[in-house]
Amino acid sequence: AQSVTQLGSHVSVSEGALVLLRCNYSSSVPPYLFWYVQYPNQGLQLLLKYTSAATLVKGINGFEAEFKKSETSFHLTKPSAHMSDAAEYFCAVGSRDSSYKLIFGSGTRLLVRP
Amino acid sequence: SQTIHQWPATLVQPVGSPLSLECTVEGTSNPNLYWYRQAAGRGLQLLFYSVGIGQISSEVPQNLSASRPQDRQFILSSKKLLLSDSGFYLCAYTGVQETQYFGPGTRLLVL
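Heads up: the sequence lines are chains A and B, in that order.
Residue numbering for the first sequence follows the numbering used here, starting at 1 and increasing by one per position.
Residue numbering for the second sequence follows the numbering used here, starting at 1001 and increasing by one per position.
If you want it as structure tokens, here you go:
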């Protein structure tokens, strides 16, 4: 069965610093992997996804993630944090069955200090 | 292009009252549809999903039910709300490669 672990419920960085949000997955089949962002009182917005093409995936707002099969990881990075990046971030893995369910991690809240 | 709507945006209801939340999708046909709940400060909990009209799968036994009367309409209901039903309810549909797209959500407060 698929599962997702996000290390760190809260991550705090200074504006301009590197953002690194960690995600490890478990999957019995080649995974589809996703990162979503949620701003307060809003729905989730897709940041990027990996679906077995290039292992380095670029998303919106300058974010990217690298799929590393050997480490079963899909960490999210951004070279320089902006105040507007403060939000909650969710990693998810696809169930790869007819339900098309996503299994979500517990989320990481990113705080950006001025 | 596809869009997803939820209403109402905010709802305050007394304990024991009924509930009906609606989700509609435009620009796609026969999508898989999902209801999630976020309790305050917690992650996403999948409540129900549907792979077609009249087909509902429940993920968590609870006070809520779901229905899909039309291809692009998904309704979340309750006959009698509990305090623990408070939360942020999100509807989503599936696009290509299992990608889910979320609606704006409904904030429910049960008093």
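A virtual CB, placed ideally from N, CA and C, is assigned to each residue, including glycine.
Here the structure is a predicted model, which means the values were calculated and not measured.
Task: Cβ pair count under 8 Å reaching 3, the region 1077-1096 of chain B against the region 1011-1022 of chain B - done: Between the region 1077-1096 of chain B and the region 1011-1022 of chain B there are three or more inter-stretch CB-CB distances shorter than 8 Å, so the stretches are counted as touching.
Open item on the list: Out of Pro31/A, Leu18/A and Cys23/A, which one is the CA nearest neighbour of Thr51/A?
Closed with: Nearest of Pro31/A, Leu18/A and Cys23/A to Thr51/A, Cα basis: Pro31/A.
Task: Chain-order list of residues whose beta-carbon lies under 7 Å from that of Leu20/A (same chain, five-residue window excluded) - done: Here the set comprises His75 and Thr77.
- [ ] Run down chain B in chain order and give the residues with a C-beta less than 7 Å from the C-beta of Tyr89/A.
- [x] For Tyr89/A, no chain B residue has a Cβ inside 7 Å of its Cβ, as the nearest lies near 11 Å away.
- [ ] Look up His75/A in the DSSP assignment and give the residues it is bridged to.
- [x] The beta-bridge partner set that DSSP reports for His75/A consists of Glu66/A.
- [ ] Measure the alpha-carbon distance for Ile1004/B versus Gly1105/B and round it to whole angstroms.
- [x] Per the coordinates, the alpha-carbon of Ile1004/B lies some 10 Å from the alpha-carbon of Gly1105/B.
Task: Residues of the region 1082-1096 of chain B whose Cβ lies closer than 7 Å to any Cβ of chain A, in chain order - done: So the close ones are Leu1090 and Thr1094.
TODO: Please list the partners that Ser106/A has in chain B, where partner means a Cβ-to-Cβ separation under 7 Å.
DONE: Within 7 Å Cβ-Cβ: Gly1043.
Open item on the list: To the nearest angstrom, how far is the alpha carbon of Ile1056/B from that of Gly16/A?
Closed with: For Ile1056/B and Gly16/A, the gap between their C-alpha atoms comes out near 46 Å.
- [ ] Could you pull out every residue in the same chain whose Cβ sits closer than 7 Å to the Cβ of Gly1054/B, ignoring the five residues on either side in sequence?
- [x] Counting only Cβ-Cβ distances below 7 Å, and skipping sequence neighbours, we find Arg1068.
Open item on the list: Under 8 Å, with one C-beta from each stretch per pair, do the region 1060-1074 of chain B and the region 55-75 of chain A reach the 3-pair mark?
Closed with: No contact exists between the region 1060-1074 of chain B and the region 55-75 of chain A.
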